[in-house]
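Inspection log for the structure reproduced underneath, given as structure tokens.
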Amino acid sequence: MHAQPGVGTRPDTPVEAEAGEDMNSAPDPDAPRHGYLPASSFRSRRSTLSGGQRDTWERLWPELGLAELPEDYAPLDTAAWFGRTAPVVLEIGCGSGTSTLAMAQQEPGIDVIAVEVYKRGLAQLLSSMDREGVRNIRLIRGNGIDVLRHLIGPASLTGVRVFFPDPWPKARHHKRRFLQTFTVGLIADRLLPGGVLHAATDHPGYAEQIAEVGDAESRLRRVDPGSALPISVARPTTKYEMKAQEAGSSVTELIWEKRR
1 MHAQPGVGTR PDTPVEAEAG EDMNSAPDPD APRHGYLPAS SFRSRRSTLS GGQRDTWERL
61 WPELGLAELP EDYAPLDTAA WFGRTAPVVL EIGCGSGTST LAMAQQEPGI DVIAVEVYKR
121 GLAQLLSSMD REGVRNIRLI RGNGIDVLRH LIGPASLTGV RVFFPDPWPK ARHHKRRFLQ
181 TFTVGLIADR LLPGGVLHAA TDHPGYAEQI AEVGDAESRL RRVDPGSALP ISVARPTTKY
241 EMKAQEAGSS VTELIWEKRR
């Protein structure tokens, strides 16, 4: 199988890209379509799976996971993949899946596609799913932009979640941030009318940028967390978030609904 760098949360498992490879840049909208880069493009420092995680991966990944972009870029048949027709939520950058699992358990009638580049994080989520008997999550190891562009059809998602994406704090790196004008527009295209974009960040500067580009997207309108929405926006507090709060960082929740 092959994997490609993706846009996701700040990793628990540090991984370095080879020279010239940018793991988290927002894409050029005029760039040609591309497939997945080989996993050897990365050097993982602490990515070794435990024996139990490896056994679970080998047993469940063929059914619940995807790591190759189809050559024809056909949108996913989610009804066939999940074995039912249900609202679909895409989570980009699921990390080790703490929020993914908890929110999927809260909403068994929602199907969740979790995207992450780091195999160890996906293996942790897969093991948790197996332990808890959760079956309404599917996993993609790869690039969130590629998934949105090529595997998700227009007006097909009930929700998109982007929790704690890398803030790229240095000014010269802001262009690498995931939630920018192009990406938010792509998300808006993939959402059904009434669908939800839910973002969360603990970086004040990035929160301002996300708010600006989200509010500027004409197909979206900002809503409050207490609004009547088709999916839950109640997130569990993760260990990372608790550490951030202890360090004095506050979390900004940003929620938009696609206009009907």
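The sequence shown begins at 1 in full-length UniProt numbering and counts up one residue at a time.
Virtual Cβ for every residue (Gly too), placed ideally from N, Cα, C.
Euclidean distance between Cα positions of Thr78 and Thr98: Approximately 23 Å between the Cα atoms of the pair.
Inter-residue Cα distance where the pair is Ala155 and Tyr240: Distance between Ala155 and Tyr240, taken at the CA atoms: about 33 Å.
Cβ distance (whole Å) where Lys258 is taken to contact Leu192 below 8 Å: Confirmed, about 7 Å.
Paired residues, beta bridge with Lys258 - DSSP: DSSP lists Leu220 as partners of Lys258.
Simplified DSSP state of Gly185, which is helix, strand or coil: Here Gly185 sits in helix by DSSP.
Pair within 9 Å by beta-carbon distance, Leu90 and Arg161: In contact: Leu90 and Arg161 (Cβ atoms closer than 9 Å).
Boundaries (first-last residue) of the alpha helix (DSSP H) holding Thr48: Going by DSSP, Thr48 is part of no alpha helix (DSSP H) at all; its letter is neither H nor E.
3 or more residues per run - each beta strand (DSSP E) lying fully within the segment 77-147: Secondary structure in the segment 77-147: the beta strand (DSSP E) runs of 3 residues or longer, each lying completely within the stretch, are 88-92, 111-116 and 137-141 in chain order.
Proximity to residue 308 [Cα-Cα], best of Glu208, Arg138, Leu197 and Gly133: Shown here, the chain extends from 1 to 260; a query on residue 308 therefore has no answer.
Beta carbon of Arg190 nearer than 9 Å to that of Gly144: Going by C-beta atoms, Arg190 is not nearer than 9 Å to Gly144.
Which of helix, strand or coil DSSP assigns to Leu157: Correct three-state label for Leu157: strand.
Extent of the continuous alpha helix (DSSP H) to which Ala244 belongs: Counting along the chain, Ala244 sits inside the alpha helix (DSSP H) bounded by residues Lys239 to Glu246.
Bridge partners - Thr197, DSSP secondary structure assignment: The amino acid at residue 197 is misidentified as Thr; the sequence shows Leu. Beta-bridge pairing links Leu197 to Val160 and Trp256.
Distance between Ala188 and Arg219 (C-alpha atoms, nearest Å): Distance between the alpha carbons of Arg219 and Ala188: 7 Å.
Cα-Cα separation between Pro62 and Met103, rounded to whole angstroms: Between Pro62 and Met103, the alpha-carbon positions lie close to 23 Å from each other.
Helix, strand or coil at Ala192 according to DSSP, with G and I counted as helix: Before going further, note that residue 192 is Leu rather than Ala in the sequence given. In the displayed model, Leu192 falls within a strand according to three-state DSSP.
Per-residue DSSP class, three states only, for Gly205: Three-state result, Gly205: helix.
Three-pair Cβ contact test at 8 Å for the segment 245-259 versus the segment 215-234: Under the three-pair Cβ rule at 8 Å, the segment 245-259 counts as touching the segment 215-234.
Under the three-state DSSP convention, the category Leu66 falls into: Strand, per DSSP.
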